[in-house]
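Data first, discussion second: the structure below is written as structure tokens.
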Amino acid sequence: MPEEKSKLKLVDNTARSAEIASEKAKTDPCLAENEMTLRCLDDNGYDRSKCSDFFLNYNNCRKFWSWVTSQRKQQGISPYLPLPEDREKVKQEFLPKMLNKSL
């Protein structure tokens, strides 16, 4: 009988983990970049110098989506941070604008 309880907890924890992952994807457009950075650190014994490209990529991602959020807020577009299913389209729209702004 105790085995059944532990199996039920495992199923509940797995379902909860999937729910948390889904929420993170909604609120963090740079989740993949974050995970790649952490994986690099794990693989390289937490030597940050070996993961500098990953850190740069993550920081660029954060800057981009922060800028997009700011632009959408100024334009009155809601939600300010696009939903995960809309992000690729929004990226195609805003990336050229951001690149032109920085040139």
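Going left to right, the sequence shown walks through residues 101 to 203 as my numbering numbers them. Glycine included, every Cβ here is placed at the ideal spot set by N, Cα and C.
Going straight from the alpha carbon of residue 116 to that of residue 165, what length do you get? 27 angstroms
Please go through the same chain and pick out, in chain order, the residues whose beta-carbon is closer than 6 angstroms to the beta-carbon of residue 194, but skip the five residues on each side of it. 168
Are the beta-carbon atoms of residue 180 and residue 191 separated by less than 8 angstroms? no
Rank 114, 131 and 118 by C-alpha distance to the C-alpha of residue 184 and give the top, closest one. 131
Could you check if residue 188 is buried or exposed, using at least 16 other CB atoms within 10 Å of its CB as the buried criterion? exposed
Can the beta-carbon of residue 123 be found closer than 8 angstroms to that of residue 161? no
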